[in-house]
Structures are given as structure tokens and as C-alpha cells.
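**Student:** Those protein sequences? They're chains A and B, same order as listed.
First residue of the first sequence: 1, per this note's numbering; consecutive thereafter.
First residue of the second sequence: 1, per this note's numbering; consecutive thereafter.
Just passing along the structure, written as C-alpha cells.
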Amino acid sequence: MSALASDPLGGRLPMAMWKKTLRLLPIYAWLSLLRISEFKFNFYTYVFLYFANAMLFVLCWQGIKLDGLGKWDSTHCILLTAFSILNFGLQESLWSTAHLDRFIMDGELLRVLTKPINSYFGLVMRYFAFMSLLPVILGISMIVYTMIHYRLDVELWRLAISLWVCVLGAVSFRAALVVMGSFAFRLGMVGFLTSYFHGSRETTRLPMTHLPSFISGFYTFAIPAVLVSTWPVIILDLGSTWQVLLLSLSSLAVCAFWVLLAKWTWTRGVRRYEGIGRW
Amino acid sequence: MKKYISFFFVEMARLHEFRLDFGLFWTECALRFFAVILFWKQAIALGAVSTGAMGAETFVSILVVTRLFAFPIQDGDRIAAALETPVVTGTMNSLLCRPIHPIWMNLMRFCVDKSRQMLLSLLLLWLAVQYGWAPTPAVGLGWVVISMVLGVLIHFFIYTLAGILSFWIGYVWSILYLLSMTQVVMAGTFFPLDAVPGLAEFSRYLPFRYCAYSAASIYTGRSGLDEILYQCLFLAGLALISELFWRRALLHYESCGG
């Protein structure tokens, strides 16, 4: 069947559709919670294992005793780990955005397209990972603890802006993944593209300002990974007021760019999509 | 055995379905490799990190070699998911009805991915040696390849064990998360284990070291061939435990329908 007729993203969403989509959000969140609690072990150990992992990296940075890399030292690298955990917790809550290529190839998209709901929300919110918000709390706690324990003299507004940039980073990152996923409409499997995003998790634990310019440029312009942890830490403790302002505005611009691009590529992709379903 | 080998070729054909994906899979690994190595090189050049008794040159060279040997041990969650997903979604039934051992079937399937990644490792290692990033091997390359293969098999059984646990606890991705992150540190791919006092010794009691760091240690001459013996012991132990757990899991498994 042709997707054009059934996909609401083909045109402007009527207000009734918005209301209906928004009304579904708490229902999907509740369903997510029920689905997670079906397997209790995973539910109970999830945050503990995140915590154990965070401690592992804290111990490593303390063991390495990094000092003198510009303004960066081991404390800032621990903050990188904390922001990274916070950011990926936020990202994981929108789990399905990283797997849109698989949904397209497996035909899951068709099932959503036949329903009278927004196709994008249908895919993303149905798989909303409620539990991933718990590492967000862990990340924030770790940031606050590091600030207190290492006696970092940080103003509250800097903390607020750094957290905001981290959230923008998560949104940009996932919007960029939607763009990559949308390439599956044309290319089929695009694992080699999405792997750049999944793989960047490791590099977000390093201060990207100290990578060679072609690599840090790639992680800034091609993949918004620099927003995940490096910019938030600079805003929190390392940058001047002007730098904070510049990075905040840049984050907003990067986020707006990726979100608009995601909307455009997804709409175009769905328009050219054809499938004969079994549902 | 013949039927298991056929899985290898089926998987090979399946991977070739999307040639672009197949051809470019390595680009991300290469970028991340350069990012991490160049970061540590700069940190050492600025004197920002203490390399201890290792010395700066050894620190970088062993990190280069370890990361190259770690290419085939990156997608453990897929290995575990090959058992976890059928259990949780209920398709394990159809798998059990077939006259095959799912663990060996998975091993053959993952051999395709692993072998191409190992080839890539060796190719990039050759380039690294040519450009002076990595030293020439301290022992015969055959020993290094044997150590790499053993490391990949150890990695496979670690994640297979995690996958088998899903028979009891359903989803295992919280465990997979911990395993993958622990592996990043304890396999020596984030920084050389010998750079942190005590960590290298502690890593000997965990299987992660034997996935990539052993081959790198043998290659650079920091460890003797006895490292291969430890790898064999860990591999045998993990394979045995996997088999025992698998049998227990089948006894525990209950389902109807499908």
C-alpha cells in the first residue's frame, strides 16, 4: 500500500491528531513501565550496574592521574563520564530512534502506518524506555557529588546551562540518528552509518577538544557528540562567560538543525515508502 | 559438523545482501581507533599522563596493538541477543525443534563477522607497523593469530553465558551493559592495563584481559607464550560452563504452543 495517504506527516497535523498523540504519551509511558517490570532482575539491577560502571571509570581516571592537558584534569574527566551517563540515559529513553532502519527493513513501520496515529510518535513512543530515565538521576547525582567532593566552585546558572546543553545534545543525537535511519528507505541496512553514533559513546569519555581537529570537527559537525559531555563540562567549569554564551547558542543551533533535518528526511522517506503488509 | 559449516556460508550470503553496509562497516572502528590513540599520544606529549615504568613509547604501541586486536570483540550484545531474543519473544521453541545446537550454530554465524574483523585487524596492524605506529612482532605472527582466535572465542562464550541467563531472568541487557563497559577497561582498549598499578594483576582473574590484551602482550613481548595457556584454560572453562548452563537452562525452560 502507498504510505502517502495514511501517513499524517505527509501534511500538516490537524489539532485533533496532536491532542490524540499527546494523550497517548502517558499511556505509552505506563505500558513501558509494565513491560520493563515483567522481567524483575533486569529492572532491579539496571541502575546498580550503571553505578558500578560509573565507579569503574572514576577509579580509572583517579588511577591515571591525568593533569595538565590544558585546563583538563582527572576531575573533569570524571565529570565527562557523569554527563555521558546522563546523556545516554536520556537518549536510551527514545530507544527506537536508533533502530528505525531495522523497523523499516522488518516491516514494523507498515504496522504503524496503518494506524491512525502519527507515524513517528507511533514508532518512538511505543518503545519509550521509561527505565532509562533512572540513569539520568544517577548522572545528575554524580555531577553534584563530583562538584562537592572535589570542591569545584561552580555557579548554579552554569550547572543549569550545562544540563540544558546536555539535554539538547541528547535530542540532537537522536534526531541525527533519525536522519541516518531514514536513509534505510533508500539504502536498506545502514548499520555502518548508525555505528558512528553508537561507537561515539567511548569518545565522549575523552575531552574532545584535545582530539586532532579533523576528528573533533567530525564529532562536532557530522555527529553532535561534542554536545554529549565535552561542551557541558566546559560550560560547567572550564569556559569563560563568553564561551558559555557561545556554546549555549551553538548547541541550540545544532539541535534545531538536526531536528529540522530529521523531520524533513523522515517525511520524504515515508512518502517514497511502499509496502504490501500482512497486518 | 557439515550442517554447522553451512551456517557460515548462509550468514556470509546474508551479509552480502547489503553491500554498502558490508563494505563500510570498518570505517567507524578506524575513526574511533585514531581518536583514542591520538588523544593519548597528545596527552603523553604534553606530559599530562604518567606512564609509569612503561614509558611513553610502550604505552602508545601497546595501546595501538590492543585496539587493533579488539576489533573482533566489539559486538558482544549481538551474541547474547541471539539467545536472549528467542527466549523472551518465544521463538526459542522453533529453534529447539531443529536438530541443532543453538550455541554452535551461533558460533558459526558469528565466525563470518569475526573473521572479516580479524582480517581487518591484521591489515591495519601491517599498516601501523609500516608507518611506525606499532612495533614489529616480538614472536612469530602465528602465535599472535592463535592468541587472537582464542580471544575471540573467549569473548563469544562470555556473551553466550550472558545470553543463556535469559532463560532464568528474561532480558539481560543490564548485564550486557556492565559486561561491555567492563570489557572496555579490563581488555585494555581504553588505556594499557599496565599503566595503572595493580590493575594488570587484577585483570588476570577476569576473562576480559584474554580477549585482546593477551594477544597484544604477546605481540609486544610483554608476556610470554604462557599467556596462550591461560587463554586456553579460560576458554575451556567458559565453554564448559556454557554447556552446563545450557543443559540446566533447557531443564528450566517451559513453554507451550508456537
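The C-beta atom is built at its ideal place from N, Cα and C for all residues, glycine as well.
Predicted model only: the values in this text are computed from it and were never measured.
Looking only at C-alpha atoms, which of L161/B, S147/B, A212/B, V196/B sits nearest to Q74/B?
**Tutor:** Per the Cα distances, A212/B.
**Student:** Answer yes or no: do C77/A and L206/A have a C-beta to C-beta separation smaller than 9 Å?
**Tutor:** Closer than 9 Å, so yes.
**Student:** Between E28/B and chain A, is the shortest Cβ-Cβ distance under 9 Å, so that the two count as touching?
**Tutor:** With 9 Å as the cut-off, E28/B counts as an interface residue toward chain A.
**Student:** Let me make sure I understand the geometry here. Which of T194/A, L238/A, S195/A, L247/A has the alpha-carbon closest to that of T220/A?
**Tutor:** Residue L247/A is the option with its Cα nearest to T220/A.
**Student:** So is L240/B buried or exposed if we call it buried at 16+ other beta carbons inside 10 Å?
**Tutor:** Classification for L240/B: exposed.
**Student:** Entirely within the segment 48-89 of chain B and at least 4 residues each: give me those alpha helix (DSSP H) ranges in chain order.
**Tutor:** The qualifying runs are 56-69, 76-89.
**Student:** Does the segment 81-94 of chain A come close enough to the segment 124-137 of chain A to have 3 or more Cβ pairs within less than 8 Å?
**Tutor:** Yes: the two stretches touch, three or more of their Cβ pairs being nearer than 8 Å.
**Student:** Counting only C-beta atoms, is P86/B closer than 9 Å to chain A at any point?
**Tutor:** P86/B does not count as touching chain A.
**Student:** Give me the Cβ distance between K71/A and L245/A, rounded to the nearest whole Å; I'm assuming they're in contact under 8 Å.
**Tutor:** Wrong, their Cβ atoms sit about 18 Å apart, outside the cutoff.
**Student:** Can you tell me whether W30/A is buried or exposed? The criterion is at least 16 other CB atoms within 10 Å of its CB, across all chains shown.
**Tutor:** Answer is exposed; the Cβ neighbour count stays below 16.
**Student:** The alpha helix (DSSP H) spanning L260/A covers which residue range?
**Tutor:** Run containing L260/A: 241-272, per the alpha helix (DSSP H) assignment.
**Student:** Any chance the segment 131-150 of chain B sits against the segment 164-183 of chain B, with 3 or more Cβ pairs inside 8 Å?
**Tutor:** No: the two stretches stay apart, fewer than three of their Cβ pairs being nearer than 8 Å.
**Student:** Could you check the C-alpha separation between H252/B and S115/B for me, to the nearest Å?
**Tutor:** Using only the alpha carbons, I get a separation of about 34 Å.
**Student:** Is P212/A close to chain B, meaning its C-beta is less than 9 Å from at least one C-beta of that chain?
**Tutor:** By this cut-off, P212/A is an interface position.
**Student:** Whole angstroms is fine: what's the gap from Q231/B's alpha carbon to L225/B's?
**Tutor:** Approximately 10 Å between the Cα atoms of the pair.
**Student:** Is G169/A helix, strand or coil by DSSP?
**Tutor:** G169/A: helix per DSSP, three-state reduction.
**Student:** If you draw a straight line from the alpha carbon of F197/A to that of S132/A, how long is it in whole angstroms?
**Tutor:** Each residue's alpha carbon lies about 18 Å from the other.
**Student:** In chain order, what residues of the same chain lie with their CB nearer than 7 Å to the CB of S200/A, ignoring the 5 residues before and after it?
**Tutor:** Result list for S200/A: Y219, I223, A225, in chain order.
**Student:** By DSSP's criteria, W61/A is part of a beta bridge. Which residues make up the other side?
**Tutor:** Its beta-bridge partners do not exist; DSSP assigns none.
**Student:** Between which two residues does the beta strand (DSSP E) harbouring G237/B extend?
**Tutor:** Taken as a continuous stretch (DSSP letters only), G237/B belongs to no beta strand (DSSP E), being part of the alpha helix (DSSP H) at 226-252.
**Student:** Looking at the unbroken alpha helix (DSSP H) that takes in D101/A, where does it start and where does it end?
**Tutor:** Start and end: 100-106.
**Student:** Say whether the segment 134-143 of chain B touches the segment 189-199 of chain B, bearing in mind that this needs 3 or more beta-carbon pairs closer than 8 Å, one atom from each stretch.
**Tutor:** Flag = no, the segment 134-143 of chain B and the segment 189-199 of chain B do not touch.
**Student:** Among residues of its own chain, excluding the 5 on either side of F110/B, which ones have a beta-carbon nearer than 7 Å to its beta-carbon?
**Tutor:** So the list reads I79, F156, once near-sequence residues are dropped.
**Student:** When the Cα atoms are used, what is the spatial distance from Y28/A to T97/A?
**Tutor:** If you take the alpha carbons of Y28/A and T97/A, they lie about 15 Å apart.
**Student:** Starting from A52/A, find everything on chain B with Cβ-Cβ shorter than 7 Å and list it in chain order.
**Tutor:** What A52/A touches in chain B: L178.
**Student:** Does DSSP put W279/A in a helix, in a strand, or in coil?
**Tutor:** In this predicted model, W279/A has a pLDDT of only 48, less than 50, meaning its place in the structure is not dependable; the value taken from the coordinates is given anyway. In this structure, W279/A counts as coil in the three-state DSSP scheme.
**Student:** Is the Cβ-Cβ distance between V36/B and T189/B less than 9 Å?
**Tutor:** Yes, these two residues count as a Cβ contact at 9 Å.
**Student:** Hey, is G151/B's beta-carbon within less than 9 Å of any beta-carbon in chain A?
**Tutor:** Chain A contact via Cβ: absent.
**Student:** Taking one C-beta from the segment 81-91 of chain B and one from the segment 258-275 of chain A each time, how about it: are there three or more such pairs within less than 8 Å?
**Tutor:** No, because fewer than three Cβ pairs between the segment 81-91 of chain B and the segment 258-275 of chain A fall closer than 8 Å, the two stretches do not touch.
**Student:** Just to confirm, are F33/B and L124/B a CB contact at a threshold of 9 Å?
**Tutor:** Going by C-beta atoms, F33/B is nearer than 9 Å to L124/B.
**Student:** Taking the alpha helix (DSSP H) that L80/A belongs to, which residues open and close that run?
**Tutor:** Segment 74-93, the alpha helix (DSSP H) holding L80/A.
**Student:** Answer with buried or exposed for Y120/A, where buried requires no fewer than 16 other C-beta atoms within 10 angstroms of its C-beta.
**Tutor:** By the 10 Å Cβ count, Y120/A comes out buried.
**Student:** Would you verify that the beta carbon of D67/A is, or is not, closer than 9 Å to some beta carbon of chain B?
**Tutor:** It does; some Cβ of chain B falls within 9 Å.
**Student:** Could you work out which residue in L68/B, K2/B, L179/B is closest to P99/B when comparing CA atoms only?
**Tutor:** Among L68/B, K2/B, L179/B, the Cα nearest to that of P99/B is on K2/B.
**Student:** Would you kindly report the start and end of the unbroken beta strand (DSSP E) that includes D153/A?
**Tutor:** Unbroken run through D153/A: none, as it is neither H nor E.
**Student:** Quick one: complete alpha helix (DSSP H) runs, 4+ long, within the segment 193-219 of chain A?
**Tutor:** As far as the segment 193-219 of chain A is concerned, its whole alpha helix (DSSP H) runs of at least 4 residues are 213-217.
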